[in-house]
Every structure is written in structure tokens, then in C-alpha cells.
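Participant: Next up is a structure, given as C-alpha cells.
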Amino acid sequence: MIRKHSATLHGHRTSFSLEEPFWQELKVIAEVRQIPLAQLIAEIDDMRPTDSNLSSALRLHVLAWIKTERT
């Protein structure tokens, strides 16, 4: 099920929609990296192409993380 989430990025509040497994994995990534979840989301937001949305960028980051962990 997709849920709406919100975060403050660079002083501005934004919202995005993610399925629960992606949300949980983002929290794991932040924990492993020992950074706040908001910081991880801000980093992903800063790196995403201007023609993509934040929800997609978050999903792709999780996918890349999981693929890296398998190798």
C-alpha cells in the first residue's frame, strides 16, 4: 500500500508517496549510514535529475542500495 510521507528539505516541507517496503528500507539505509532519515532523503533529492520526481528517486536509490548489497 502506498502512503504519503513528508520531510523538510533545505527548510521547505515536501511530501512524497512510497510503498511501505521502500519506506522501511530507506530507514535501514539511514541507520546503516548512521545519518538521520531526513538527511538521506535530502541527499537523494539533491542528486536526482530535474525531470524526475522525489518518489521515483527514492525508489531507485533503494533498488541501487539493494543491488549493491548483493554483490
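Sequential numbering of the sequence shown, starting at 22, is according to the numbering used here. Glycine is no exception: its CB is placed at the ideal position from the N, C-alpha and C atoms.
1) Just checking, does the segment 46-54 make contact with the segment 29-38 on the three C-beta pairs under 8 Å criterion?
2) Which stretch, first to last residue, makes up the beta strand (DSSP E) that contains H33?
3) So what does DSSP say about R24, is it helix, strand or coil?
4) Using a 10 Å radius around the Cβ and a threshold of 16 neighbouring Cβ atoms, would you call I87 buried or exposed?
5) Could you give the distance in angstroms between the alpha-carbon of I23 and the alpha-carbon of S73?
Facilitator: This is what the structure gives:
1) Segment contact: the segment 46-54 against the segment 29-38, fewer than three CB-CB distances shorter than 8 Å; contact not assigned.
2) Residue mapping note: residue 33 aligns to position 12 of the sequence shown, counting from 1. Boundaries of the beta strand (DSSP E) harbouring H33: 33-40, taken from the DSSP string.
3) One-based indexing of the sequence shown puts residue 24 at position 3. Strand.
4) Position 66 of the sequence shown, counting from 1, holds the residue named residue 87. An exposed status is given to I87, since fewer than 16 other beta-carbon atoms sit within 10 Å of its beta-carbon.
5) Here residue 23 corresponds to residue number 2 of the sequence shown, with the count starting at 1. Here residue 73 corresponds to residue number 52 of the sequence shown, with the count starting at 1. Approximately 18 Å, taken between the alpha carbons.
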